[in-house]
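Novice: One structure, pasted below without further comment.
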Amino acid sequence: MCGALNTNLLREAAKSDKNTTAYVTAGRKASQFVARTKRELVAEFTYKDNPQFSEARAISKFARELFLEGKVDAVDVLYNNFISTLNQRPEVRPLLPLGELKALDSDVDRRKCRADLKQSGIEYLFEPDANGVLRRFCCRTT
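The numbering of the sequence shown is my numbering, which starts it at 193 and goes up by one.
Below you can see the structure in the form of structure tokens.
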């Protein structure tokens, strides 16, 4: 049922230079692709039918450690971006090193949201601030 979904994602993965790219895979199809195309497989993670956040966290922690130990220069994530049930587009997003942080594009009218929040009388406080989050993400070794 998801043949095209995997095929399109693996076609995008094939665009990377196989001599300079190491792979951490999630799922059997991705691991088979890496083996079949004689690319370097650093680690293979398996998922159940319904992946849990903790499983994704294990992958990100492993990739972060590779980066912090200097074993890789960058970490990119290749995934299918869900647009609709009939359209999913493979995308590559850099994860590490952190580059310039940009605001996400959205269709949200920020002025209306601010006005709605002021009317509700509810104040939201986010902790830590953006710099604190970045420090924790970049410098945490546990």
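No residue lacks a Cβ here, since even glycine has one placed at the ideal position from N, Cα and C.
Apart from the five residues just before and just after residue 334, which ones in its own chain have a Cβ nearer than 8 Å to its Cβ?
Specialist: Low confidence applies to residue 334: its pLDDT is 47, below 50, so where it sits in the model is not reliable enough to give any reading.
Novice: What runs of the alpha helix (DSSP H), each 4 residues or longer, lie entirely inside the region 238-277?
Specialist: 245-260
Novice: According to DSSP, is residue 206 helix, strand or coil?
Specialist: Coil, per DSSP.
Novice: With distances taken between CB atoms, is the gap from residue 233 to residue 267 smaller than 9 Å?
Specialist: no
Novice: Measuring CB to CB, does residue 271 end up less than 9 Å from residue 285?
Specialist: Yes.
Novice: Keeping to the same chain, check which residues put their C-beta closer than 6 Å to that of residue 237; ignore five residues upstream and five downstream.
Specialist: 218 and 251
Novice: With respect to the beta strand (DSSP E) encompassing residue 285, which residues constitute its N-terminal and C-terminal limits?
Specialist: Where residue 285 is concerned, the enclosing beta strand (DSSP E) starts and stops at 279-288.
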